[in-house]
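Reminder that position 369 of the sequence shown reads as 368 in numbering that gives the first Met the number 0, one-by-one numbering, no gaps.
Note that the Cβ used here is the ideal one computed from N, Cα and C, for glycine as well.
These numbers were taken from a predicted model, which means no experiment stands behind them.
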Amino acid sequence: MGRHSLPDAKATGTGRVRSPRRRTVSIATALVLAVAAGTGVAAQSGLLSFADACADAPVRLDLAASPDIAPALRAIAERARQDRVTTDGHCLDVRVEARENHQVAAALADGSGTSGYQVWVPDSGIWVERAKGQGDGTSLTPAGTVATSPVTLATVPTTARTLGWPRKSYTWAELAAAATTTGADGLPLGAADPARSATGLLALSSIAESSRRAGAEGDTRTAATAEFLTQRVSDTDTQVLETLARDDSGAEKGRPRRNEAVLLSEQAAFTHNSKGSGSANLNLFYPTDGAPVLDYPYSLVDETELTTDQSRAAMRFMALLGDEAAYRTLQKHGFRVADTALDPGVLRTAGALSPQPYDGNDALPPSSESRQWALGLWTVTVRSARLTTVVDTSGSMAAPVPGRDGQNRMDVTKASLLRALAGFTPEDEIGLWEFATRLDGAKDYRELESTARLGEPVKGGGTHRDRLSDAVTALKPVPDGDTGLYDTMLAAYREAVATYVSGKFNALVILTDGSNKDDDSISRAELIKRLKTVVDPRRPVPLIAIAVGPDADRNEVDTIARATGGAGYEVSDPAEIRTVMLRAVMLSAGLTGPDSPAADRS
């Protein structure tokens with residue numbers, strides 16, 4: 000968990016963009032007529048006149064726009080000034096400022112940043128939804144859609160050829176699988192932070208829905224993809240482009256390997272490929288189960304506070320965005336526009352090539368529930384973890400695992416834990432306990448390594464990760480040792496709550512291969528009773544109990560874990576522990592998929 004930083008063919012489609020333009024026009028027309036009410040019809044007011052001379056001072060309209068579309072809108076506004084386009088006889092003076100979408104949405108949601116602009120054009124309705132859905136913020140009045148751009152997977156040419164571009168097509172789930180399984184370390188794949196980027200969120204949500212359709216383990220595969228993406232995440236769409244390989248290979252002497260693929264909009268790929276900056280041109284994969292689109296909604300900001308002139312000017316500019324000259328400007332900047340044939344030159348520059356399905360119908364956008372789930376998953380994945388792992392070292396862990404070449408349960412458990420440990424970042428905090436009857440005098444448990452930051456230097460050299468790896472490797476079954484589970488659960492849970500760290504995902508993970516077999520320990524009923532007294536809503540620490548092997552009782556550990564807000568799981572093969580841990584973290588954070596049965600923990 001957590002995130003890493005990085006260092007610094009011809010299209011043949013003739014399809015048309017399926018767009019809500021008709022709805023756009025009707026909404027815009029209705030609003031124009033509404034603001035003109037009481038002063039005559041729109042045409043008589045001069046609202047629709049493009050030829051009248053300007054009278055007196057121009058009407059100033061300030062517009063905040065997504066950084067990718069701001070240059071196109073600025074060019075259209077500048078042409079309007081040069082052509083002396085009027086609104087009610089006054090010249091239209093539109094000033095366009097590029098603003099990061101997530102920052103504007105946050106300011107509108109709490110009402111802290113509304114002054115200074117009357118119109119907002121983010122890259123996606125996701126931001127409008129977010130601005131409206133948080134608190135009692137600033138009101139937004141929708142007036143239509145300016146342009147669209149599908150979300151794709153963009154790759155450098157050598158990687159595209161490796162993946163079979165352009166003839167081989169993939170679903171979102173298949174693209175994610177290809178990225179996470181290509182080569183020893185996976186395909187270097189970058190993305191903009193889904194919490195700050197509609198492109199990143201739409202792509203991750205599409206991967207989630209596609210993976211869920213592909214099989215029962217879809218949510219776990221999506222979580223694995225999110226975890227993979229955290230290693231190369233950028234704050235914004237602009238920054239993710241800066242992580243791309245510059246020479247089509249990804250390798251740069253003395254530097255970490257750069258990204259060879261990124262989740263990106265078609266328009267962003269067009270802009271990148273148009274620059275000729277020396278970076279490798281990108282090729283685009285369009286998923287066969289549909290590419291969601293950025294839809295660039297046009298919204299009036301706090302309409303009740305706008306003057307009549309401002310309201311009319313806002314709708315005048317919206318109408319201007321629907322004329323042929325504006326369409327040409329938007330296309331010149333790599334956007335798709337409504338009810339207009341796709342421009343082969345634009346597509347070719349962006350990296351599209353048949354038979355990639357770039358000219359198909361737009362995909363239905365991921366549902367709001369899917370987006371919320373994906374965003375929640377991402378939040379948990381990038382947030383640093385604090386996990387105390389407690390491992391059963393009773394004698395039964397020496398039992399052989401069928402089909403594992405003579406390895407016993409402890410051997411396979413250790414290997415799985417070491418693989419899981421490799422997936423955590425230096426900022427994650429991990430600790431290790433072991434338990435079996437009377438390990439430490441009368442106690443059935445022993446702390447081997449305290450829960451600390453993996454990157455923390457330790458005395459004698461190395462880091463806490465190194466010490467922890469050595470401690471896991473040294474685990475071995477205690478001959479004739481019973482489990483001593485209940486006393487261990489209570490002691491470890493008390494310690495985890497007492498040492499809770501705010502801002503991290505805190506959890507207690509217990510691995511056991513059998514039920515409690517220590518007559519000297521407390522009863523299960525007493526354990527549950529005591530756990531409930533330790534639970535602190537201000538310090539949430541779910542207990543994640545994983546029952547390993549044929550002798551384990553999942554129902555028992557699930558009953559106990561639920562007392563803390565956690566859950567119990569069962570694995571027949573200890574090699575599955577890492578996958579189950581990932582699923583457990585999702586469920587403990589309330590991140591069951593929209594269609595996933597939360598009770599399915601086997």
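Original post:
Taking the alpha-carbon positions, what's the Lys531 to Gly483 distance?
Top reply: 20 angstroms
**OP:** Just grab the DSSP bridge partners of Val145 for me.
**Re:** Val145 pairs with nothing; no bridge assigned.
Original post:
Run through DSSP, which three-state label would Val34 get?
Top reply: Confidence at Val34 is low in this model, with a pLDDT of 40, below 50, so its placement is unreliable and the value that follows should be read with caution. Correct three-state label for Val34: helix.
Subject >> Reduced DSSP secondary structure (H/G/I, E/B, other) of Ala29 >> reply: Any reading at Ala29 needs caution, since the residue's pLDDT is 45, under 50, leaving its predicted position unreliable; the model's value is listed next. In this structure, Ala29 counts as helix in the three-state DSSP scheme.
**OP:** Starting from the Cα of Gly565, find the closest Cα among Val547, Ile576, Arg553, Leu542 and give me that residue.
**Re:** Leu542
**OP:** Count the other C-beta atoms from every protein chain shown that fall within 10 angstroms of the C-beta of Ala340, then say buried if there are 16 or more, exposed otherwise.
**Re:** exposed
Subject >> Own chain partners of Ser138 with C-beta closer than 6 angstroms, once the 5 adjacent residues on each side are dropped >> reply: Asp301
Subject >> Alpha-carbon spacing of Phe227 relative to Thr179, whole angstroms >> reply: 7 angstroms
Subject >> Three-state class that DSSP yields for Pro456 in the structure shown >> reply: strand
Original post:
Taking the Cβ atom as the reference point for each residue, do Glu208 and Ser369 lie within a distance shorter than 9 angstroms?
Top reply: yes
Original post:
Grouping DSSP H, G and I as helix and E and B as strand, with all else coil, what is Trp164?
Top reply: coil
Original post:
Closest to Thr472 by CA distance: which of Pro425, Glu448, Ala56, Ala244 is it?
Top reply: Glu448
Original post:
What does Trp119 pair with, by DSSP beta-bridge criteria?
Top reply: Ala63, Ser298
**OP:** Go through the region 172-201 residue by residue and report every complete run of the beta strand (DSSP E) that reaches 3 residues or more, in order.
**Re:** 188-191
**OP:** Scan the region 423-509 and note each continuous alpha helix (DSSP H) run of 4 residues or more that stays entirely inside, going in chain order.
**Re:** 463-472, 484-497
**OP:** Drop a sphere of 10 angstroms on the beta-carbon of Pro478, count the other beta-carbons inside from all chains shown, and report buried for 16 or more, exposed for fewer.
**Re:** exposed
**OP:** Compare the Cα-Cα distances from Val628 to each of Ile576, Ser148, Gly402, Val547 and report the closest residue.
**Re:** With the chain covering 0 to 601 only, the question about residue 628 has no answer from this structure.
**OP:** On the DSSP bridge assignment, give the partners of Glu604 in chain order.
**Re:** Outside the displayed span of the chain (0 to 601) sits residue 604, for which this structure offers no information.
**OP:** Measuring alpha carbon to alpha carbon, tell me which of Ile509, Gly275, Gly394, Thr151 ends up nearest Tyr568.
**Re:** Ile509
Original post:
Would a C-beta distance cut-off of 9 angstroms place Leu474 and Val389 closer than the cut-off?
Top reply: no
Original post:
Looking at C-alpha atoms only, which residue of Thr158, Ala397, Pro354, Ala104 is the closest neighbour of Val261?
Top reply: Thr158
Original post:
Is the region 160-172 in contact with the region 233-242, if contact means three or more CB pairs nearer than 8 angstroms?
Top reply: no
Subject >> For Arg385: DSSP bridge partner residues >> reply: Glu428, Asn505
Original post:
Is the number of C-beta pairs between the region 520-527 and the region 407-420 that are closer than 8 angstroms three or more?
Top reply: no
Original post:
Which runs of the alpha helix (DSSP H) fall wholly inside the region 533-562 and span at least 4 residues, in chain order?
Top reply: 553-561
**OP:** Determine the contact status of Tyr285 and Ala213, defining contact as a CB-CB distance below 9 angstroms.
**Re:** no
Subject >> Helix, strand or coil at Asp404 according to DSSP, with G and I counted as helix >> reply: coil
Subject >> Local conformation of Phe269 per DSSP, three classes >> reply: helix
**OP:** Please work out which residues of its chain come closer than 8 angstroms, Cβ to Cβ, to Gly459, disregarding the five sequence neighbours upstream and downstream, and give them in chain order.
**Re:** none
Subject >> Bounding residues of the beta strand (DSSP E) (the contiguous stretch that carries Glu569) >> reply: 566-570
Original post:
According to the neighbour-count rule (16 or more other Cβ atoms, all chains shown, within 10 Å of its Cβ), is Arg160 buried or exposed?
Top reply: exposed
Original post:
When the distance is taken between beta carbons, is Ser468 closer than 9 angstroms to Thr424?
Top reply: no
Original post:
Whose CA, out of Gly548, Leu200, Thr154, lies closest to the CA of Pro401?
Top reply: Gly548
Original post:
Exposed or buried, which one is Asp481 when buried takes at least 16 other CB atoms within 10 Å?
Top reply: buried
**OP:** Can you have a look at Ala312 and say buried or exposed, based on whether 16 or more other CB atoms are within 10 angstroms of its CB?
**Re:** buried
Original post:
Do you know how far the Cα of Glu575 is from the Cα of Ile125?
Top reply: 36 angstroms
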